[in-house]
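Visitor: Encoded as structure tokens, here's the structure I'll be asking about.
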Amino acid sequence: MTNTRTRILGLLAAGLACGSLATSAGCAKWRERRAARAESARQSREAREAAARDAEAAREAKKTPAEADQALARARILKDQGLTEVALQEFERAIAVNPRLVPAYLGIGEIRRERGDLPQAEAAYAQAASIDPTNFEAQYNRGLVQQLLNRLTDAIKSYLRALQLRPDDFDANLNIATAYMQLSEPAAGRPYAQRAVRLRPSSGPARVNLGAILAALGDHRAAVVEFQQAAELMDLSPELLLNLADSLGRIGRYAEMQNTLEQLVASHPSAVAYERLASALFRQQRYDESLAAFRKSLAQDPNYYPALNGVGVCLLNRYLTSDQKDLEARNEAIKALRRSLQIESRQPAVLDLVTRYG
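This is how it looks when you write it as structure tokens:
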């Protein structure tokens, strides 16, 4: 019995050993098959995901133009209704769908400009111009905002690009001429100012602009013509009347200068207007009236030193015409001139008068 049991146990042990070896080999094959199935499943999954992405991209490609155009249309309607904040959101939504949608950038630029958000407006117009350099609105409006930001050199460059696209645009010609004047380059602005007048002869502002450029270039006779025509085409602003009066004085038409300035002080009294009127009266040897006008100028602004100079010159003239006997006039004159030098020391002619008669 014992031997039999021993043989059975030996057979079982041998069988277990053989089974263990067989099981080990089978596990290895099973792992290989499982890895192969996993790899196949992964590749299949990635293929399905790629196919899904391609399908989604195809669907987006089909619906993008429509969605962008719909957002743009909604934005324009909202903007026209005055709902600018919501309109901005729709413009931005349109750009999110189509980042190259130039009208959306123009819409954002216009809203930002009207709100006074000039740097943001300039950025929107710059983006539109970058996408489509041939878009006049982008180039012109970028120049306009740059001019409002006092970036005059940049503004001129933008206006020039706009004028390459539309050489006969009135506003672009008018604004670039103004920008050149702001840079103290009237000669460069002259042809654009002249073209603006040719394009719209009935524009008062265009004629004022051309008149200012002609005056800056010393052609005051031509400037007077432009200012006078402007006065017939637009409301009489203080700036227009002052410019006209100055050019009239430069060509010796003092009575007309006086009439123009009397019209100005009646509607818009100021230190400058009264000082110019006093000068016109002095040129006509109406010295007492001139002195009175200079004093009215100082009543408007006690620190307006050109009027102090005028008072000093009128009183010195009184002193000299009294055979230098009116010492009170001389003393008051020197006091006024010294006060002027305290405000603005860089006046060699005034300093000479104080040195000579003080």
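Under this note's numbering, the first residue of the sequence shown carries the number 44, and numbering increases by one thereafter.
All C-beta atoms, glycine included, are put in the ideal place defined by N, C-alpha and C.
Going by beta carbon distance, what residues of the same chain come within less than 7 Å of D344, once the five residues before and after it are set aside?
Guide: The residue labelled residue 344 in the question sits at position 301 within the sequence shown. For D344, where only same-chain residues beyond five positions count, the Cβ hits under 7 Å are A314.
Visitor: Answer yes or no: do N218 and R238 have a C-beta to C-beta separation smaller than 8 Å?
Guide: Residue mapping note: residue 218 aligns to position 175 of the sequence shown, counting from 1. Residue mapping note: residue 238 aligns to position 195 of the sequence shown, counting from 1. Not in contact: N218 and R238 (Cβ atoms no closer than 8 Å).
Visitor: Would A205 and D211 be called neighbours here (beta carbons separated by less than 8 Å)?
Guide: Counting from 1 along the sequence shown, the entry for residue 205 is found at position 162. Counting from 1 along the sequence shown, the entry for residue 211 is found at position 168. Result no, Cβ atoms of A205 and D211 do not sit closer than 8 Å.
Visitor: If I measure Cβ to Cβ from E180 and keep anything under 6 Å in the same chain, skipping five residues before and after, which residues do I get?
Guide: The residue you call residue 180 lines up with position 137 of the sequence shown. So the qualifying residues of the chain are L149.
Visitor: What are the boundary residues of the alpha helix (DSSP H) that T398 is part of?
Guide: Along the sequence shown, read from residue 1 onward, the residue named residue 398 stands at position 355. Per DSSP, T398 belongs to the alpha helix (DSSP H) from P391 to Y400.
Visitor: Applying the criterion that 16 or more other CB atoms from any shown protein chain within 10 Å of the CB defines a buried residue, is A171 buried or exposed?
Guide: Translated into the one-based positions of the sequence shown, residue 171 becomes position 128. With 16 or more Cβ atoms within 10 Å of its Cβ, A171 is classed as buried.
Visitor: Would E165 and R185 qualify as a contact pair, given that the criterion is a beta-carbon distance under 8 Å?
Guide: Taking the sequence shown and counting its residues from 1, the one referred to as residue 165 is at position 122. Taking the sequence shown and counting its residues from 1, the one referred to as residue 185 is at position 142. In this structure, R185 lies closer than 8 Å to E165 by Cβ.
Visitor: Is the beta carbon of L334 closer than 8 Å to that of V354?
Guide: Position 311 of the sequence shown, counted from the first residue, corresponds to residue 354. Position 291 of the sequence shown, counted from the first residue, corresponds to residue 334. Yes, the pair counts as a contact, with Cβ atoms nearer than the cut-off.
Visitor: Take the Cβ of K122 as the centre, count every other Cβ of all protein chains shown within 10 Å, and call the residue buried at 16 or more, exposed below.
Guide: The sequence position of residue 122 within the sequence shown is 79, counting from 1. Result: buried.
Visitor: Give the range of the alpha helix (DSSP H) segment to which N184 is assigned.
Guide: Numbered from 1 along the sequence shown, position 141 holds the residue referred to as residue 184. Looking at the DSSP string, the run of the alpha helix (DSSP H) that includes N184 is F179 to L191.
Visitor: Provide the residue span of the alpha helix (DSSP H) that contains S310, from first to last.
Guide: Translated into positions along the sequence shown, residue 310 becomes position 267. Counting along the chain, the alpha helix (DSSP H) containing S310 begins and ends at Y297 to S310.
Visitor: Sorted by chain position, which residues of the same chain lie with C-beta nearer than 7 Å to L394's C-beta, five sequence neighbours on each side aside?
Guide: One-based indexing of the sequence shown puts residue 394 at position 351. Within the same chain, L394 has close Cβ partners L384.
Visitor: Work out the CA separation of Q367 and Y421 for me, nearest whole Å.
Guide: In this structure the chain extends from 44 to 401, so residue 421 is not present and cannot be described.
Visitor: Does Q328 come out as helix, strand or coil in the three-state DSSP assignment?
Guide: On the sequence shown, position 285 is the one that residue 328 refers to. Of the three classes helix, strand and coil, the one that applies to Q328 here is coil, per DSSP.
Visitor: If we count the other Cβ atoms within 10 Å of its Cβ and call it buried at 16 or more, is E318 buried or exposed?
Guide: Start at 1 with the first residue of the sequence shown, and residue 318 comes out as number 275. With 16 or more other Cβ atoms within 10 Å, it is buried.
Visitor: Give the range of the alpha helix (DSSP H) segment to which Y148 is assigned.
Guide: Working through the sequence shown from its first residue, we reach residue 148 at position 105. Residues V145 to R158.
Visitor: From A127 to V188, what distance separates their C-alpha atoms?
Guide: On the sequence shown, residue 127 is found 84 positions in, with the first residue counted as 1. On the sequence shown, residue 188 is found 145 positions in, with the first residue counted as 1. Contrary to the premise, residue 127 reads as Thr rather than Ala in this sequence. Each residue's alpha carbon lies about 19 Å from the other.
Visitor: State the DSSP-derived secondary structure class of K378, mapped to helix, strand or coil.
Guide: Taking the first residue of the sequence shown as position 1, residue 378 is located at position 335. K378: helix per DSSP, three-state reduction.
Visitor: Looking only at C-alpha atoms, which of G159, A116, F270 and L131 sits nearest to V436?
Guide: The chain is shown from 44 up to 401; residue 436 falls before or after that span and cannot be answered.
Visitor: Say yes only if the C-beta of F179 is nearer than 7 Å to one or more non-hydrogen atoms of the ligand ZN, and no if none qualify.
Guide: No copy of the ligand ZN appears in this structure; indeed no ligand is present at all.
Visitor: When burial is assigned at 16 or more other CB atoms within 10 Å of the CB, is P146 buried or exposed?
Guide: The count along the sequence shown starts at 1 and reaches residue 146 at position 103. Its Cβ being crowded by 16 or more others within 10 Å, P146 is buried.
Visitor: Can you give the Cα-Cα distance for I51 and Q86, rounded to whole angstroms?
Guide: Within the sequence shown, residue 51 is the residue found at index 8, counting from 1. Within the sequence shown, residue 86 is the residue found at index 43, counting from 1. Low confidence applies to I51: its pLDDT is 37, below 50, so where it sits in the model is not reliable, and the reading given next is rough at best. Approximately 52 Å between the Cα atoms of the pair.
Visitor: Short of 6 Å in beta carbon distance, which residues of its chain neighbour A68, apart from the five on each side in sequence? Order them along the chain.
Guide: Taking the sequence shown and counting its residues from 1, one reaches residue 68 at position 25. Note that A68 has pLDDT 49, beneath the 50 cutoff, so the model's placement of it is unreliable and the number below is only indicative. Within the same chain, A68 has no close Cβ partners at all.
Visitor: Between A137 and A111, is the Cβ-Cβ spacing less than 8 Å?
Guide: By one-based count along the sequence shown, residue 137 stands at place 94. By one-based count along the sequence shown, residue 111 stands at place 68. In contact: A137 and A111 (Cβ atoms closer than 8 Å).
Visitor: Nearest to A255 by alpha carbon, out of R264, N286 and A231?
Guide: Taking the sequence shown and counting its residues from 1, the one referred to as residue 255 is at position 212. Minimum Cα distance to A255 is reached at N286.
Visitor: How far does the alpha helix (DSSP H) with R293 in it reach, from first residue to last?
Guide: As a working note, residue 293 is residue 250 in the sequence shown. Unbroken alpha helix (DSSP H) run through R293: P281 to R293.
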